[in-house]
Amino acid sequence: MSSETGKKVPYPIIDTDPRFTRVVKYCRGIDFLGGVAVAAAGPGLMYWFEKFQPSGNSGAPLRAAMKAAGGIGLIAGFLHMYTQSSSKSLHTPSLP
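Using numbering that gives the first Met the number 0, read the sequence shown as starting at 0 and increasing by one per residue.
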């Protein structure tokens, strides 16, 4: 069998253009766990940086930075989970 890219693969491709709902529906537990880990890394690193090398900005600036890191972390975590799950449909190796 060959894929649409012409590369020989020993198995059939399930879906070359999976729908959003299908990708999210068939997420494995490890995909969700990886997404949560990536999402928690941003605020976790911000907290660690502030704990071990304080910036001196407490209060509103720190809260704003943590909210921004949390939002970016959530987006990055979702994209990681989506990429891992969709690679299963496309029969491509998972990203490290």
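Beta carbons: idealized from backbone N, C-alpha and C, even for Gly.
Under the three-state reduction of DSSP output, S86 falls in the helix class.
T20 carries a helical assignment under DSSP once its states are collapsed to helix, strand and coil.
DSSP places P42 within a helical segment (H, G or I) once states are collapsed to three. DSSP, reduced to helix, strand and coil, places R62 within a helical segment of the structure shown.
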